[in-house]
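**Q** Mapped onto our numbering, the consecutive letters of the sequence shown carry residue numbers 11 to 64.
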Amino acid sequence: MAVSLIGKSVTTTDNKTALVSGISFDNGVTYLSLDNGDKIMMSNVTEISAKNKT
11 MAVSLIGKSV TTTDNKTALV SGISFDNGVT YLSLDNGDKI MMSNVTEISA
61 KNKT
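1. Are the Cβ atoms of I50 and T22 separated by less than 7 Å?
2. Measure the CB-CB distance between I33 and A12 and report whether it falls below 7 Å.
3. Using CA atoms only, rank isn't needed, just tell me which of S53, G47, L42 is closest to K18.
4. For L29, list the residues DSSP reports as bridge partners.
5. Starting from V55 and walking both ways along the beta strand (DSSP E), at which residues does that stretch end?
Below, the structure written as structure tokens:
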């Protein structure tokens with residue numbers, strides 16, 4: 011489930027890395043709210059990690 015991603019680090023298709031701070035759904039699409047203020051589609055995630063990459 012997408013909710014289990016909260017607090018995990020994700021890397022996006024444009025190679026940005028951030029922590030997931032929330033989840034939302036709109037018209038059947040899952041969006042992740044990130045700690046950097048971005049909101050991205052789940053389909054734009056290329057990697058999920060347990061810890062924030064620095």
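Built from N, CA and C at the ideal position, the CB exists for glycine as well.
**A** On the basis of the supplied data:
1. yes
2. yes
3. L42
4. S19
5. 55-59
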